[in-house]
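56 is the number of the first residue of the sequence shown in this note's numbering; add one for each residue after it. Ideal Cβ positions, reconstructed from N, Cα and C, are used throughout, including at glycine. All values reported here derive from a predicted model rather than from experimental measurement.
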Amino acid sequence: MSQSGWLEQERDVYKHTSGASTGRSHHVPKSYENISSVTKKLNECLAEPLKPQYGGGIIRNPEFSRGIPGWSIFRNGSIGERTSGTGNNKYLVSYSGSASKQFLLEKEKLYAFSGNQFNPPSPGFENIEAVFKSITFRIIFQFGCRQVTGMQILSLPLKSAVKSYMPEQLKPSPAAGPCSKEGFPLMSLDLPCSSSSNSTAASEIWADSISLQPFTAEEWRHHQTQTIQKARTRLVRVKAMDANGALLRNATVSIKQQRPGFPFGAAIPKSILTNSLYQNWFTSRFTVTTFENEMKWYSTETSQGNENYYTADAMLAFAEQHRIAVRGTTSSGTIPSRLIAWDVNNENLHFSFFEQRLGSGFSGDAFWRAGKLDPGTTLFLNDYNTLEQPGDTKATPDKYLAKLKEMRDYTKYSGKIAIGVESHFNQPNIPFMRAALDKLAGAGVPIWLTEVDVFRSPNQAQYLEAILREGFSHPAVRGIVMWAGWHAEGCDRMCLTDNSFKNLPSGDVVDKLISEWRSETVVGRTDKNGIFEARLFHGEHEITVLQSSAGHYPLIRKEQCLASISTAASEIWADSISLQPFTAEEWRHHQTQTIKKERTRLVRVKAMDANGALLRNATISIKQQRPGFPFGAAIPKSILTNSLYQNWFTSRFTVTTFENEMKWYSTETSQGNENYYTADAMLAFAEQHRIALKNAAGKRLYSIVSRYKGRLIAWDVNNENLHFSFFEQRLGSGFSGDAFWQAGKLDPGTMLFLNDYNTLEQPGDTKATPDKYLAKLKEMRDYTKYSGKIAIGVESHFNQPNIPFMRAALDKLAGAGVPIWLTEVDVFRSPNQAQYLEAILREGFSYPAVRGIVMWAGWHAEGCDRMCLTDSNFKNLPSGDVVDKLISEWRSETVVGRTDNNGIFEARLFHGEHEITVLQSSAGHLSVNQEGAVLSSEGMMQVLVV
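Structure below.
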C-alpha cells in the first residue's frame, strides 16, 4: 500500500479535463477514508502482500506474475522469483544485494511510490532502502514491512541547475546513469539488501506489489480541494419559525463567518509584548500560538532553583486577551491548566537528554505526571524530520508510532494524546509528506504541524503554500503552527513580514490561504419548509434572518455554527420586530439636530458698567479658546523626543491615553523592580499642555493609583473583563470587584471605568453584547456597593462600522445612566478608512450619553498600529484630514454683534472656554476681557466694563 492515503484497495480514477480530448484516464491520489482501519492491516507483516496501488502505475508487471523481466542485479548478490506457500502469489527476492529497475520520468510530476516488503525483517535489517537515483541525484527512502512512501521529483534537463531545485535529500551520486534523447535523466529504482548493523549474515528482501504513479499538479490540487470540502466544511440547515411555531417561508437568511474553527497560527517571541504593530498584525490573523522559548526551562529558571514566569505570564495574558489558544512546552515543574496542549515528549526520537541523566523512564514518567497535573489538556509527542526527510532513519513514521506505543504502554495513560510533527522543510516532498501523515493517522489520534517553516530560497513562498495546503487538506491534521516569530534583528528561517509589518511573499501566501479557508458571506431564502441550507467552513458564524411577510425586514437573531455542528434543524422565535429605513441625509440631519441640542447652548451676555448702567448698542465679540467635549488620541513615549509630534498633537486634542507606558509590563520589566520614569515624563508633558489623561490601572493597582492620585480624570479598572478573566483565575472570582472598591478608596475623586471591545463593533460577539456589558456593570456595583463616579468605556476598534447597530448599542448602554466614552477608536486600513472614521466619530459625538472620545492612533516611526493620522513628517493623511474637519466643525466660530436696549446679546455656542470682548462705543474705550466655560444649561453672563 502507498503514499497518498493507502486507504482504498480499488483504483480511483477520473477523467481530467486536460486529458479528456485524448481519451486518457488520469489517476487521482486516494481519498482519506478509513485511514485507521487500513493502517491496522499494515501493523503486522503480511503473509500475502496487498494489491499494488494504482495497478502499479508506470511499473509493468508490478505483482511479478510474469516473472522478473526488467529487473536486474545492482552491486553484489542475486535476484530471483519465488511463489508463496499458498501458491497464489509470486514475488521478487533479493539475496544479499540489490534489485534494480530503470524508468524515464516526466518533468514537473509528483510520484507516489509504494511497495510491500512482507517478510519479517531480520535483526539489523529493520530499515530497508528504496533508492531512486540518476546521473545527477539520488533519493533514499527507508521502509520496513509496514512503511509506505511517496516522493516528488522535478525531472530537469541535465544542463539545468539541478542543485537549485532538488531537495536536500537528493544527494549527488557517483554512478553515471544513461540519459534519454530529450535530455531528461533516467531514474533507477534500487532495492538494496543492506544491514544497519555489523551483521554479516545473509539476508533476503521479499518485495511485491511495487507501484510508481505520476500525478500532475492539477490532479493533486483537485484531490486536496475535495478533501478540504469533506473534512473542513459542513452542510448546515437553518430552520426559521416565529414565536408561534409557524414556518418563516421565503425569509432572507444571511450567514457570515466571524472566526475560523481550524487552529492556524504562528510562534511568538516576547518582543510582541511591547510592539503594537506586531500585536495587531498577529491578532488579526491567527487563533493559536506557541511561545518560542519563554516557557522552556532555561528561560523560566535561568539560575538553579530560581523560577521566574514573569514573561511567560505576560505572554499568556496577551494571548488570552485576544482569544488566541496556546500550546506549551514542558519537561518538568508546575503546569497551569490554561493551555490547549503540552509538548511533554519533545524531540525524543533524536535525543535522550533527560534519560541519560535521570533514567530511561523519564519521558514516560513526565507524560504520566503531566496528565495528572493537567488532566484536561492534550499531551503531545513532538519531533522533526518525520515529514521533512525520508532519509532520517531515527524519525520514520514507524519509529514515531513505536515511540507513541511505548509511551502508552509504559504510562497506561488514557487521557488526550496527540502527534506533533515539527515540519522544518527545505524543499518539501509533498507525496512523501502525505504518505507519512497517512501512516501516522493510523494511530487514531490528532496530528498537528507544530513548527512549520521553509528555508530561505527564491521558492520559499511557493513551498510554504504547498506544505500548508497539504497539511490543511489531511483529515487527521487538527492544527498548524508556523515557526515564524518576528525579531527586529531578523527571523530564524522564515519571515512573514518586514520590520514595518508589511507582508513578504510568504506572508501573502498566509493571507491568501486564511481568506480561502473561510466561508464567504452567504445570502439566500428559506424554502417552503422554512429551511435554508449552506455549506460552511467550521467556525463561528453570525446568522441573520429577515422576514418580509408584513412589509418589515427585521433583524432576528445571531447564532454560532461550530465545527461539531449537526445537520439537525434549529428553531428561531421572534416577535415585535421593526426595521426602519433612513437615507444618509435623514441620518445626518438627526445627528445635526442632536449635536445642536446636546453640544451647544444659547448664551445671553448682559453688559453693564461699574455703576450698573446698561451698555446698550455695545459691540460683543465671542471667540472659543478651548472645546468642552474631550476629544483626543493615545500617545506613545516617542512624543517626548519629537517636537513635530508634540506641536501637531497639542494643537488639536484635550485628552489622551498612554499606549503601554503605564501598564504593569512597562513599569515593572523585571519582577519587583518598578520604574515610572517614562510614565512620569509623559504625564508632566500632558499636564503642561492642559491635556487630561485617562489610563488603565493595571496589575499593581495600589502602586499606580496611589502614585498618580488626583492627576488623572479616569482609571480603566475593569479592562476587557467581558472577554477574559486573567486575574480572577489567579486571585479569585472577586478580584475585579475588589479592585474597583480599592481604586475608589485610593482616588475617590476620579471616575472609574469598565472598558471592553466589540460592544459597538461586532454584533456577533456574544461575550460583549450591550446586555452582557450592563450585567457586568451591575455585578460590579452590587459586589462593591461602590457609590462613586463610574462610567462605561467602549473601545471601538472597527473594521467596517455598522452605524445603526452602533446607535442601538449606545441606546441600550445609556439606560445605565452613567457616562459613556469611546476609548480607543480606530478603523482597520482600507480605501474607505477615512470615510468610516468620520461616520464613527459623528455618531459618537452626536450621541447625548457619550462624554468623550479617544482615538487609538499613536504615531510610531516604524508605522502605526491600525490607523495613522499623519505621515512621518506630520502631514495629515486622509484620516487626519477628517479629524481636523470635525474639530473645526465642532467649535464655535467667532461671533460679533451688538447688545440690545436691555444691554443683552445672545449667541449659540459649543460648550467650552470662550473669550468675550465688549466694546462700548459711547465711552470710546475697550472693556476688560472675560473668559468663562459655557455651562450645560442656558443662562445669562453679566459682563462689567470698568
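Straight through space, the alpha carbons of Gln444 and Trp352 are spaced by roughly 28 Å. In terms of Cβ geometry, Gly170 and Lys145 do not form a close pair [threshold 9 Å].
A Cβ-Cβ separation of about 7 Å places Val882 in contact with Ile895 under the 8 Å criterion. Excluding its 5 nearest sequence neighbours in each direction, Gln888 has C-beta neighbours in its own chain below 8 Å: Val882, Met922, Pro933, Ser934, listed in chain order. The alpha carbon of Thr432 has as its nearest neighbour, out of Met488, Pro501, Tyr455, the alpha carbon of Pro501. The beta carbon of Gln646 is closer than 6 Å to those of Arg897, Ser901 in its chain, skipping five residues each way along the sequence. Between the beta-carbon of Ile875 and that of Ala916 there is about 34 Å, and that puts the pair past the 8 Å contact cut.
Residue nearest to Ala154 within the set Tyr166, Gly142, Trp126 is Trp126 (criterion: CA-CA distance). Its Cα nearest to that of Ser266, the residue Phe158 stands out among Phe158, Ala298, Glu274. Contact fails between the stretch 355-365 and the stretch 321-328, because fewer than three Cβ pairs, one in each stretch, are under 8 Å apart.
In the structure shown, the three-state DSSP call for Lys494 is helix. For Asn702, the three-state secondary structure derived from DSSP is helix. Looking at the DSSP output, Asp771 sits in a beta bridge with Ala751, Phe808. Taking a 10 Å sphere around the C-beta of Thr878, we find 16 or more other C-beta atoms and assign the residue as buried.
Around the Cβ of Asp398, a 10 Å sphere holds 16 or more other Cβ atoms; the residue is buried. For the pair Ser264 and Gln108, the Cα-to-Cα distance works out to about 7 Å. Relative to the Cα of Lys557, the nearest Cα in the group Tyr333, Glu477, Leu865, Asp955 belongs to Tyr333. Counting only unbroken stretches of 3 or more residues, the beta strand (DSSP E) elements lying wholly within the stretch 470-547 are 472-476, 502-509, 532-537, in sequence order.
For Leu568, the uninterrupted alpha helix (DSSP H) run begins and ends at 560-571, by DSSP.
Leaving aside the five residues that flank Leu302 on each side, the residues in its chain whose CB is nearer than 6 Å to its CB run, in chain order, Met296, Gly585.
With a cutoff of 9 Å on beta-carbon distance, Thr954 and Ile675 are scored as near each other. Within the model, the alpha-carbon separation for Ala688 versus Phe527 is close to 41 Å. With contacts defined by Cβ atoms closer than 9 Å, Thr552 and Trp538 do not form a contacting pair.
Restricting attention to Arg314, Ala912, Arg659, the CA atom closest to the CA of His596 is found in Arg314.
In this structure, Phe713 lies near Lys692, with their beta-carbon atoms less than 9 Å apart. Distance between Gln281 and Thr288, taken at the CA atoms: about 11 Å. Judged by DSSP secondary structure, Gln268 falls within the beta strand (DSSP E) whose first and last residues are 259-270. A straight line joining the alpha-carbon of Asn437 with that of Arg463 spans about 15 Å. Less than 9 Å separates the beta-carbon of Arg580 from that of Val308.
In this structure Phe686 is in contact with Val710, their Cβ atoms being roughly 7 Å apart against a cut-off of 8 Å. About 6 Å separates the CB atoms of Ala736 and Leu695; that is less than 8 Å, so the two are in contact. Trp911 sits in coil when the DSSP states are folded into three classes, being neither helix nor strand.
Excluding sequence positions up to five before and after Val532, its CB lies within less than 6 Å of the CB of Ile502, Gly526, all in the same chain and listed in chain order. Boundaries of the beta strand (DSSP E) around Ala846: 845-849. Distance from the Cα of Lys460 is smallest, within the candidate group Glu274, Ile474, Thr448, for Ile474. Look at Tyr166 here: in three-state DSSP terms it is strand.
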